[in-house]
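Data block below; observations after.
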Amino acid sequence: MNPGCDLINLKAHAKFDTLSERRKRKLYSRQECTLISNAGDPFVTEALMWASKETVYKATRPTFRKFAPKDFEVIRITEKRIEAVHQGNLFLLKYEILSDYLVVWYGNLVREKPIVVRWSGRDYVKVLQDSLEGYVQEGLKIVKESSGAPLLIGNKGMSTKKLSISHHEGLLAIALSAG
Amino acid sequence: MTRTEIESKLLEIISPYLGEGASLDGVSAETDLLRDLKINSAHLVDVILDAEEVFDIEIDDESAEKMLTVGNAIDIIEQKLA
Chain F
0 MNPGCDLINL KAHAKFDTLS ERRKRKLYSR QECTLISNAG DPFVTEALMW ASKETVYKAT
60 RPTFRKFAPK DFEVIRITEK RIEAVHQGNL FLLKYEILSD YLVVWYGNLV REKPIVVRWS
120 GRDYVKVLQD SLEGYVQEGL KIVKESSGAP LLIGNKGMST KKLSISHHEG LLAIALSAG
Chain Z
989 MTRTEIESKL LEIISPYLGE GASLDGVSAE TDLLRDLKIN SAHLVDVILD AEEVFDIEID
1049 DESAEKMLTV GNAIDIIEQK LA
């Protein structure tokens, strides 16, 4: 399985009415809507829920793209992890919430969590390469496959390291597999 | 409503959701909403909701799944208006 991660810049997310009933109906199952409504902080819970769906989507890397958020369902959020289901499979996700962003991830990662950097105003590709320095062999380049998923490729072919990238309004998260 | 009118209204809807460094200059039917216009995936649904309001249509889940490029979006809106 590939790693997956998704970062949400909470300040940017708050620019929109993310808790409207219409919006929730489009994105979430009835059970997910209940989880959001009953949460202590519905705004953050909704953001966590969206990031979880994206994380599982990235980890499963479908061969063709479609916007189908209801194919991924969050069934439980605890203090330490999130449980999500996709095509009958259970995914155990981890997450971290900071003052200005939250990040959700899946998989066994170097540093045990995604590398998060602030890149606003800097060259995105350079920031990515710099962030991976020391974790991957020199000379590896990041390319995107047709589905949009990133791959690490060097002169000798594809790296055994897998990665997932997420960026939102000046913040970048990189989940790099430990294996 | 003509296709050009739909495109013009659609680009107005998309505008507030453009990602950092993205622009509507040179937009074509093939322009990808997420990759090229850098709309955050969390806000693709907001584009769909705004389109429903502006065009007074309902975009069901099956149609929403296909709204990945500007051309796809125009096709779907055109079908719903017909």
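Residue numbers (my numbering), protein chains in the order written: chain F, 0 to 178; chain Z, 989 to 1070.
Even glycine gets a Cβ: it sits at the ideal position worked out from N, Cα and C.
Amino acids of chain F, ordered along the chain, whose beta-carbon sits closer than 8 Å to that of residue i
i       : result
L999/Z  : Ordered by position in chain F, no residue passes the 8 Å Cβ test against L999/Z, which lies about 18 Å from the chain.
D1049/Z : K25, A67, K69
Inter-residue Cα distance where the pair is residue i and residue j
i       : j       : result
K140/F  : Q128/F  : 8 Å
L1032/Z : L89/F   : 26 Å
T1019/Z : I1064/Z : 15 Å
N8/F    : V55/F   : 19 Å
S1003/Z : W49/F   : 22 Å
R24/F   : E72/F   : 13 Å
D1048/Z : G133/F  : 47 Å
K1026/Z : I994/Z  : 21 Å
R961/Z  : A38/F   : Here chain Z covers residues 989 to 1070 and nothing more, so residue 961/Z does not appear.
A67/F   : V1035/Z : 15 Å
C-beta atoms of residue i and residue j nearer than 8 Å
i       : j       : result
L1012/Z : R21/F   : no
R117/F  : L170/F  : yes
T992/Z  : L1021/Z : no
A83/F   : S51/F   : yes
L92/F   : Y105/F  : yes
A1017/Z : G1059/Z : yes
D16/F   : E53/F   : no
K155/F  : P149/F  : no
F1043/Z : L1006/Z : no
L175/F  : L97/F   : no
Neighbouring residues, chain F, relative to residue i (Cβ below 9 Å)
i       : result
K1054/Z : K65, F66
Buried or exposed by the 16-neighbour rule on C-beta atoms within 10 Å, applied to residue i
i       : result
M0/F    : exposed
S1051/Z : buried
S165/F  : buried
M1055/Z : buried
N1028/Z : buried
E1000/Z : exposed
Chain-ordered neighbours of residue i on chain F, where CB pairs are closer than 7 Å
i       : result
E1018/Z : In chain order: nothing, as chain F lies at least about 14 Å away.
R1023/Z : G147
Per-residue contacts from residue i into chain Z (C-beta, under 7 Å)
i      : result
G169/F : E1008
Amino acids of chain Z, ordered along the chain, whose beta-carbon sits closer than 9 Å to that of residue i
i      : result
S163/F : Per Cβ cutoff of 9 Å: no residues; S163/F is ~13 Å from chain Z at best.
Which of the residues in the stretch 7-20 of chain F, read from start to end, lie with their CB under 7 Å from any CB of chain Z?
I7, H12, F15
Taking beta-carbon pairs under 9 Å, can you tell me which members of the stretch 1027-1039 of chain Z lie near chain F?
N1028, S1029, A1030, H1031, L1032, V1033, D1034, I1036, L1037
Any residues in the stretch 22-54 of chain F with a beta carbon nearer than 7 Å to a beta carbon of chain A? Which ones, in chain order?
This model lacks chain A altogether, as its protein chains are F and Z.
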